[in-house]
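Working notes for the structure below.
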Amino acid sequence: MTKISKVLEINNCNNEILVKAIYKAKFWEEIKPTKKLEAEFIAPNVLYTKVYDEINVIKVPIEMEGELVLIDKGEEQNKGRLIEFNVRNNKDVKDLEGRIRIKALSPTKSKVGIFIENFTLSSDFLNLMGGAADLTLQMKITDMIRNLEKYCKSKKLEELL
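Below, the structure written as structure tokens:
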């Protein structure tokens, strides 16, 4: 698997408010890169989601559910806030590990990066998607971070708290 990364500088995005918003289900529902996403925090750092989508590349409907575990590693000097994540209890995604990096550029501008280190689908799901898996994940990560940028242009992050 190719490692995936997407970094974007976002205006009207205070890094401290963004970090708080990441731990709210409404945040994930707002920036979803899918047709439908139901989200709920079942523990302070465990996001349970149900995803409904269609993969554009191959026109296959997708229903998936599982847990995203967020591990806040805190602020690193000159690098910003680091939040590591991994997926568990998902029958379709065998392994997904990555990190979110949020760095304040000013009180109202942040640099946000999403980095995927490992991504492995279950064999059944992989057979369904074929070689489109990496491309699809890359497109979804890009859509998600662009959706955050669009949200910050028209609304305040505080509304998600």
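Numbering of the sequence shown is given in the working numbering, commencing with residue 35 and proceeding in unit increments.
For glycine and all other residues, C-beta sits at the position ideal for the given N, C-alpha and C.
Pair within 7 Å by beta-carbon distance, residue i and residue j
i, j, result
"Lys69", "Tyr57", "no"
"Ile136", "Gly108", "no"
"Asp126", "Ser156", "yes"
"Lys84", "Glu64", "no"
"Val146", "Ile44", "yes"
"Ala55", "Leu169", "no"
Assigned secondary structure, residue i (DSSP; H/G/I helix, E/B strand, else coil)
i, result
"Ile65", "coil"
"Asp106", "strand"
"Leu169", "helix"
"Leu195", "coil"
"Lys187", "helix"
"Asp129", "strand"
"Asn152", "strand"
"Asn124", "coil"
Spatial neighbours of residue i in its chain, beta-carbon cut-off 6 Å, leaving aside the 5 residues before and after
i, result
"Phe149", "Ser39, Gly132 and Arg133"
"Asn124", "Gly100"
"Ile130", "According to the sequence shown, residue 130 is Leu rather than Ile. The residues are Val121 and Phe153."
Backbone CA spacing between residue i and residue j [nearest angstrom]
i, j, result
"Val121", "Leu52", "21 Å"
"Lys187", "Trp62", "17 Å"
"Leu102", "Ala138", "24 Å"
"Glu50", "Met173", "27 Å"
"Ile96", "Leu71", "11 Å"
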